[in-house]
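The working numbering numbers the first residue of the sequence shown as 1210 and each following residue consecutively.
Glycine included, C-beta positions come from ideal geometry on N, C-alpha and C.
Quick caveat, the model's predicted, so the values are computed rather than measured.
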Amino acid sequence: PSIIFIDEIDSIAPKREEVTGEVERRVVAQLLTLMDGLEERGQVIVIGATNRIEAIDPALRRPGRFDREIEIGVPDRDGRYEILQIHTRNMPLEPDYSLEFILPALERLKKTLKENGDNRYRDIDFIIEEVRDLEKKEEIKKAIESWMPEDLKEELDREVIKAMLRYIADQTHGFVGADIEALCKEAAMKALRRILPEIDFNEEELPQEILENLKVTMDDFKESLKEIEPSAMREVLVEVPNVRWEDVGGLEDVKREIIEAVEWPLKYPEKFRKFGIKPPKGVLLYGPPGTGKTLIAKAVANESEANFISVKGSELLSKWLGESEKAVRKIFRKARQVAPCIIFFDEIDAIAPMRGLDEGSRAVERVVNQLLTEMDGLEELDGVIVIGATNRPDILDPALLRPGRFDRLVYVRPPDKESRYAIFKIHTREMPLADDVDLEELAAITGGYVGADIEAICREAVMLALRENMNAEKVEMRHFLEAIRKIKPSVTESMISFYERFEERAKEIKKREKALLGYG
């Protein structure tokens, strides 16, 4: 008996109708004949491996040839934890005594002792109470070493390392085995780089004390996580933006709605399952240009600790038949693989306008159809949330705006006085200001200005100060007032009334839908 293993089988058995060369067709035909021809195959098993299943000739995928198809998917949290255990088995890990790891480790140790009938579990309660109020790792470590016997200390270290690995497993959404191996190698390299200055390369052997100091810490893994990305996402991954909620000035109502609709489902999916409800699938941010729609999407991607795919309309549209729809399918497939994930469509009106408006836009209509199918089709969007941003909500296809697709329509309105003050504070926090600069007064006189306008005012004020004197130390109030005279608000009254009318219309539509469903 023997096994034939053909790796990357798609390269020797592609679809015959798609290949141009005769040789490739003959190779596929020969493979089909050998696997299920007139001659008996005997005790020979053929195993093929591919990551492009759709590229293989369909005749190979029928019973009698490849009878079984086994998909080796992206590992879940438990799978990632097991893979991490394998790759760190022989690695000198330093137990991290910070509270986020030590408290769950103590709880697990207490549970184990209790199950084994060991009365020392009562002592663990005392230790938990004592360390709970300590902040520094060194203090926690010192306290535990003074209160805990050596055998329990070793057991606790093992539990702390398990808690560390569980944390890493939680942070590595979409990582496959090879990615996790690369992460462990990178963490080990960081530990090595740390002790390199202490090594004397003229010596034949490393001194024992240096070897004992060679420990891979949690910080090594955290730093490595910034550099290693899931291989499934390399084509589409956009680095998670370094924007936090405090970088978004004002817009408190919008922030709260986005946190509830996007952050909660991705961070606490078990809470939604507990109450038997499905979280929103999509959130549409609409409003005048420059109000911070894209900034909000960046902040929620960072704060929710999810993978982030940013899509621009121009990248999706292709002149080749079927390519645009394939690109949409690919984006959603990747997002499902690396869930929890946020897909962000900026200027979504470019790829999802109302169907039937233009006879020459069949490609765009097919993209809209594909988008509708992906967002609310037979295949579940589990752990994937779509965020769209547009300043033309009126031309979006109505089918996208119904529940099950974009469930939440969020109007990002121009900032009020308090929000403008918060935006001024954000854009001037690293700016040396003169004592006469009054941000509240600036917020009061910039009615109608949006976030992008205020950023432009701050930038122009700095430029004016530098034009006056290249060695200027501070930006003065007169520079801001001059900048305001030069920069006009980008949002007009008619634009605001247009968005408010759309908001009213959207509320009416939602109300009618609720009435039809019998709960409005």
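Considering only their Cβ atoms, is the gap separating L1580 from V1537 smaller than 8 Å? yes
Applying the 10 Å Cβ sphere with the 16-neighbour rule, what's the burial state of I1311? If you draw a 10 Å sphere on the C-beta of I1311, you find 16 or more other C-beta atoms in it, and that means buried.
For N1299 and A1397, what's the separation of their Cα atoms in angstroms? 11 Å
Are I1594 and P1439 close, meaning C-beta to C-beta below 8 Å? no
One or two residues paired with R1617 in a DSSP bridge: V1492
Count the C-beta pairs between the region 1589 to 1606 and the region 1493 to 1502 that are closer than 8 Å, then say yes if the count reaches three, no if not. The answer is yes - the region 1493 to 1502 touches the region 1589 to 1606, with three or more Cβ pairs under 8 Å.
Beta-carbon within less than 6 Å of E1466's beta-carbon, same chain only, minus the 5 sequence neighbours each way: which residues are those? V1619
Among residues of its own chain, excluding the 5 on either side of K1323, which ones have a beta-carbon nearer than 7 Å to its beta-carbon? Y1330
Name the DSSP bridge partner or partners of A1674? None; A1674 has no bridge partner.
How big is the Cα-Cα spacing for A1661 and R1542? 34 Å
Give the DSSP-derived three-state secondary structure of G1660 in the structure shown. helix
Leaving out the 5 sequence neighbours to the left and right, which residues in its chain are closer than 7 Å to L1726 when beta-carbon positions are compared? Note that L1726 scores a pLDDT of 48, beneath 50, so its modelled location is shaky and nothing firm can be said.
To the nearest angstrom, report how far apart F1689 and A1665 are at their CA atoms. 11 Å
Under 8 Å, do G1458 and I1292 count as touching if we go by C-beta distance? no
Beta carbon of K1683 nearer than 8 Å to that of L1642: yes
At 3 residues or longer, what runs of the beta strand (DSSP E) sit wholly inside the region 1386 to 1416? Whole beta strand (DSSP E) segments, 3+ residues: zero.
What does a CB cutoff of less than 7 Å around I1390 pick up in its chain, not counting 5 residues either side in sequence? In the sequence as displayed, the identity of residue 1390 is Glu instead of Ile. Here the set comprises H1296.
Just curious, the beta strand (DSSP E) that N1516 is in, first and last residue? N1516 to K1521
Three-state secondary structure (DSSP) of P1358: coil
Those runs of the beta strand (DSSP E) which lie wholly inside the region 1231 to 1277 and span at least 3 residues: 1253 to 1258
Whole runs of the alpha helix (DSSP H) within the region 1294 to 1360, excluding any shorter than 4 residues: Taken in chain order, the complete alpha helix (DSSP H) segments of 4 residues or longer contained in the region 1294 to 1360 are 1308 to 1324, 1330 to 1341 and 1346 to 1356.
Helix, strand or coil at F1430 [DSSP, three-state]: F1430: helix per DSSP, three-state reduction.
Close beta carbons around D1585, own chain, < 8 Å, minus the five adjacent residues each side: Cβ neighbours of D1585 beyond the five flanking positions: K1490, G1613 and R1614.
State buried or exposed for L1420, treating a residue as buried only when at least 16 other CB atoms are found within 10 Å of its CB. Exposed: under 16 other Cβ atoms inside 10 Å.
Is E1627 near the ligand SAH, in the sense that its beta carbon is under 7 Å from a heavy atom of that ligand? This structure does not include the ligand SAH; it has no bound ligands of any sort.
Quick one: complete beta strand (DSSP E) runs, 3+ long, within the region 1583 to 1650? Counting whole runs of 3 or more residues, the region 1583 to 1650 contains the beta strand (DSSP E) stretches 1593 to 1599 and 1617 to 1620.
Using a Cβ-Cβ cut-off of 6 Å (strictly less than) and excluding sequence neighbours within five positions of A1715, which residues of its own chain qualify? L1618
Quick one: give me the first and last residue of the alpha helix (DSSP H) that S1533 is part of. E1532 to Q1546
Give me the DSSP bridge partner(s) of S1211. Beta-bridge analysis with DSSP links S1211 to V1253.
For L1415 and L1343, what's the separation of their Cα atoms in angstroms? 37 Å
Own chain partners of E1368 with C-beta closer than 6 Å, once the 5 adjacent residues on each side are dropped: A1314, R1317 and L1318
Could you tell me which of G1326, K1351 and M1357 sits nearest to I1333, measuring between CA atoms? When only C-alpha atoms are compared, the closest one is M1357.
So what does I1705 bridge to, in DSSP terms? None; I1705 has no bridge partner.
Locate the alpha helix (DSSP H) running through D1462, then write down its first and last residues. E1461 to I1467
Can you give me the Cβ contacts of Y1728 inside the same chain, cut-off strictly under 7 Å, excluding the 5 residues immediately before and after it? For Y1728, the pLDDT reaches just 47, beneath the cut-off of 50, and the residue's location in the model is therefore unreliable, although a value from the coordinates is still provided. Closer than 7 Å at the Cβ level, and outside the excluded window around Y1728, lies no residue.
Hey, would you say I1370 sits closer than 8 Å to L1434, going by beta carbons? no
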